[in-house]
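Here the sequence shown is numbered in this note's numbering, starting from 88 and rising by one per residue.
Where a beta carbon is used, it is the ideal one built from N, C-alpha and C, also for glycine.
Step one of this worksheet: look at the structure below.
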Amino acid sequence: MTHFWTKLSRSLGHFRKARGGNVATTFALAALPVLAAVGFSVDYSSANAAKAAMQSALDSTALMLSKDAATLNNTQLQAKAKTYFEALFTRPDAKNITINASYTADGGSTVIVKGSADVPTNLLGIIGYNQITVNGSSTSKWGTSRLRVALVLDTTGSMNSDNKIGALKTATKSLLTQLQDAAAVNGDVYVSLIPFSKNVNLGAGNFNANYIDWTDWESEPAILKNNKPNNWNDIGPGDSCPFSNNNHGFGCATSPTSSSTTNTIPSSGANAGLICPSTDSGRKDSTKIGIIYNGCYNSVPITSTSTNTVDTGRNASCGNRSNCSCSGNGNNKRCVQTVTTTTGYNHTWIPNARSTWNGCITDRGNAAGPVSNYDRLVTAPSNNIAASKYPAEQNENCSPQVSGLSYNWAAMRSQVDSLYPLGATNQPIGLVWGWQSLVGGGPLVAPAKEANYTYTDVIILLSDGLNTLNRWNGNGSSTNTDVDKRMYDNGAGTCANIKNAGVTIYTIQVNTGGDPTSTLLQNCAGSPDKFVDASKFFLLTSASQIVTAFNAIGTDLTKLRVAK
C-alpha cells in the first residue's frame, strides 16, 4: 500500500505541472484519483474479508492437527493441513493458496500453520495492481501444562440400583476418550482408576510386599479372643458351630479360606476339628461387616488316660477292644485296655497363609483407631512402624483392583467394564488412594514430572451415597459422623490435606434415593486457589446424568485453545 500511495502521489505531481491538453483530458485525469480511491476501498475490503476467513480456517486447522500431529511424519502433516484448510477456507476468488504446517515437541507440543493466498483486484488494476496477497498464521499449543487425573469411583452395593453401575461404566469410558483425544503425545495425560467400597484392593499378588501390615490378619479376632462362646472348652469335632448360636453373629466356614457356612464342625477330612469363623452375616459386630476371618481355631483334645482289666485266666482275650493287650500265662494271663477320654479342647488360633489374601486393605492405623493421621495422608510406610503400613483385611465385599497412572486407554476401558457393586461406603479411603495414585506409593507408581512442564493434578470423586463404614466406625446406617470426620474434620481432614498439596477435587453425588445433599462432598470440592468451589460439586438425581457430569468435567479439563 505504501508503494501504491507513492506512485499515486508522483502521478498527481506530474498532473499539477502539466500545461497542455483540453477540457476532456483534464477531466479524465482529474477522475483518476477518485477512481483509485474507490478501487482501493472496494478491493481492500474484499482482501480483508479473505484474510479474516483465512485466519479462522488456520485456527481450526491448527486445533484439528494438534490431535494427531505427534503421530504424523512431515509429508502426512502437510497433506492433512491442506485437506483441513481447503475444507474450511471457502473463498473461490482466492488463488495461489499455500499452506505450511510444522510440529515441535520441545517443552510441550506446538503446531504452527501458516497460509497465504492472492486475492484478485477489480479496480486497482487500472494503476497496475492486479492482486493483493493475504497471509496468516495460527499456533496451537498443548503439553506445557500436563494433566493427571485420579478417578475415584464408588463401587458399593447400592450402585447396583437404578442402573448406576451401568451409567458409571458408560460415563467413565466416555471421559477416558475425551482425555485420550486431548493428549497430543503419550504422557500429556495420565489417568488412574480407584474403585472403592469400605476397602480398596491393591491386588492379591502383592502379598509379599513390605508395605502390607499383617498384624490384624495374623491376630486372633478380638471379638472372639475377648468373648469366647459358651462352653468353649467343650466344643470340638462334630459339635454345632459355636458362633451361630450366640451374639457373635458369625458362621463356621467349611474350610480355612471359605466364606460359606456349615452347622457342624468337621470331624473328618483335612479340616477335621477346625473352627473357622466366617463373615459377620448377622451384623452383630458392625465394624466387621464383610470380613472373612483369616484363620481357624485348631481344636486340640484335652485327654485323660486310664487302664482297665477286661479279662483274666487261661482263656483271657481282648476280643474286639482297641488299645488292648494281654500278658502272662495260664491262669495268670491278664488282658488290659487303655482308655483315653476327651475331657475338652484347647483352641489355638492359626492364621491362613498370606498367599490366600484377596488383595483388600483397610484404613491405616491399628485395631484401636487411627495413628498419627496416616489414614488421612500419603506418608510413605515405614518398616519400623506397623501403623504406617497398609493393613490386609480379608473382606468378602472387596472392591475391584485399583490401577495406577497410565495412558493405556484400552486396558483402562477393560478395567471399567469389569467393575462390580459390593460393600459399604468409605469415601475417605477412596480419596486418600486417589491422592496416593498421583504421588505414588504401595503398588502404584507415579511417573516423574519433567521440569519443562507444569502439571495439573485432579481427583474426581463419584459416590452415590453417604458414608456408612470404615475400619473402626459405622453400623450400616445412612450417616456416620465418625467416618465423615476423617474426611473433612472442619478443614483438617483428608479433603483439606489433598487441596493443600496442590490437587483439585471434583465431587459428584448420585442421589437417586432421596438422601440429603452431602455437605461433606460440597465442602470437599475445590482447588488450592478456591478451597470450596460450588462449580466443582455436581448433585445428580438420575443415573443418566453421570454421563453429562463427566462430559462437563472432561471438557473443562481437556479444552485446547489457540495460543496465538
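Backbone CA spacing between residue 325 and residue 386 [nearest angstrom]: 11 Å
Using a threshold of 7 Å, state whether the C-beta atoms of residue 300 and residue 454 are closer than that. no
Is the beta carbon of residue 452 closer than 7 Å to that of residue 474? yes
Using CA coordinates, which residue listed in 197, 189 and 184 is at the minimum distance from residue 204? 184
Give me the residue from 279, 191 and 136 with the minimum Cα distance to residue 222. 136
Taking the alpha carbon of residue 383 as the reference point, which residue from 277, 376 and 363 has its own alpha carbon closest? 363
Once DSSP output is grouped into helix, strand and coil, what is the label at residue 386? strand
How close, in whole Å, do the beta carbons of residue 447 and residue 247 come, if the pair is a contact with beta carbons under 8 Å? Wrong, their Cβ atoms sit about 19 Å apart, outside the cutoff.
Considering just the uninterrupted stretch of the beta strand (DSSP E) at residue 319, what are its terminal residues? Looking at the DSSP string, residue 319 is not in any beta strand (DSSP E), and its letter there is neither H nor E.
By alpha-carbon positions, which one of 285, 282, 528 and 495 ends up nearest to residue 469? 528
Is DSSP giving residue 235 helix, strand or coil here? strand
Would you list the residues sitting across from residue 393 in a DSSP beta bridge? 426
Helix, strand or coil for residue 176? Go by DSSP, reduced to three states. coil
For residue 556 versus residue 513, is the C-beta distance shorter than 7 Å? yes
Buried or exposed by the 16-neighbour rule on C-beta atoms within 10 Å, applied to residue 327: exposed
For residue 142, which option in 161, 155, 153 and 186 has the closest C-alpha, if you only look at C-alpha atoms? 186
Option in 611, 632 and 399 with minimal Cα separation from residue 622: 611
With a threshold of 8 Å, are at least 3 pairs of Cβ atoms found where one atom belongs to the stretch 260–277 and the other to the stretch 389–409? no
Would you call the CB atoms of residue 410 and residue 424 closer than 7 Å? yes
To the nearest angstrom, how far is the alpha carbon of residue 317 from that of residue 521? 45 Å
Residue 202 - partner residues in DSSP beta bridges: 186 and 223
May I have the straight-line CA-CA distance separating residue 202 from residue 157, to the nearest angstrom? 21 Å
Extent of the continuous beta strand (DSSP E) to which residue 282 belongs: 276–283
In whole angstroms, what is the alpha-carbon distance linking residue 179 and residue 162? 26 Å
Taking buried to mean at least 16 other C-beta atoms within 10 Å of its own C-beta, is residue 114 buried or exposed? Low confidence applies to residue 114: its pLDDT is 44, below 50, so where it sits in the model is not reliable enough to give any reading.
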